[in-house]
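In terms of the working numbering, the sequence shown opens at residue 14 and continues consecutively.
We treat Cβ as the ideally placed atom computed from N, Cα and C, and that holds for glycine.
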Amino acid sequence: MREKSKDENVNYDYVEVATKNVELENSVAKLISKNERLCNEINHVKQVFKEQFDSIKKKRVRTKEQSDSLIDKLNLKSAKNEDLKAQIHDKVFAITSLKNDLRKIKGKEIVDIAAQKPAANTIVLGMFKLDLVSLAPKLLQNRGAHIDYLKYTQEQANIIWGIVKQAKAK
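And the structure:
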């Protein structure tokens with residue numbers, strides 16, 4: 014009876030091992046097919062990325078060429094505009110000169126409109142705000158402070174002089 018049970022156990026173990034072996038072979042086959050599918054997918058994605066990268070490189074080169082040509086056109090137009098402005102400026106000076114010559118011939122007084130300053134008749138409160146501060150006694154011997162104080166005082170005097178000049182003009 015022991016021999017039968019040993020043979021049965023061996024047969025049972027053999028069947029069990031064979032079953033496990035078949036299951037493992039099926040599992041390995043599934044994994045191999047999945048691996049092949051994933052490898053194919055990876056290769057496809059690599060190819061797509063390579064194509065996109067090449068496309069981006071080509072587009073970048075084209076865009077750079079276009080932007081360079083646009084920059085060149087802009088620079089040419091800017092130079093042309095500057096030339097035209099200079100020509101206009103020269104013509105304005107020529108016209109002004111001719112007008113002055115014409116006035117001289119007619120005997121009229123020559124007045125350069127560009128050089129005229131408008132006379133301000135209104136004085137806005139706070140327009141000529143004075144902030145007079147005396148120099149501290151300890152700074153009297155300081156040459157730099159003294160020079161700064163003199164400049165500041167001169168500015169204030171110029172403001173007062175402007176007020177007086179405007180008042181006389183009225």
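Residue i versus residue j: straight-line alpha-carbon distance, rounded
i	j	result
Ala182	Leu87	51 Å
Ala180	Asp96	46 Å
Phe66	Lys59	10 Å
Ala132	Gly175	Caution applies to Ala132, whose pLDDT of 49 falls short of 50 and renders its modelled position unreliable; the value that the coordinates give is listed next. In a straight line, the C-alpha of Ala132 is about 12 Å away from that of Gly175.
Lys119	Ser91	41 Å
Ile108	Ile101	10 Å
Leu12	Ala170	Residue 12 falls outside the range modelled here, since the chain spans only 14 to 183, and no answer is possible.
Gln129	Leu89	Bear in mind that the predicted position of Gln129 carries a pLDDT of just 49, short of 50, making it too unreliable to give a figure here.
Lys47	Ser40	10 Å
Glu21	Thr32	16 Å
Ser80	Lys71	14 Å
Ser18	His57	57 Å
Val28	Asn34	10 Å
Cβ of residue i within 8 Å of any chain C Cβ
i	result
Asp26	Here chain C cannot be found, since the structure has a single protein chain.
Endpoints, the alpha helix (DSSP H) within which residue i is located
i	result
Asn171	156 to 182
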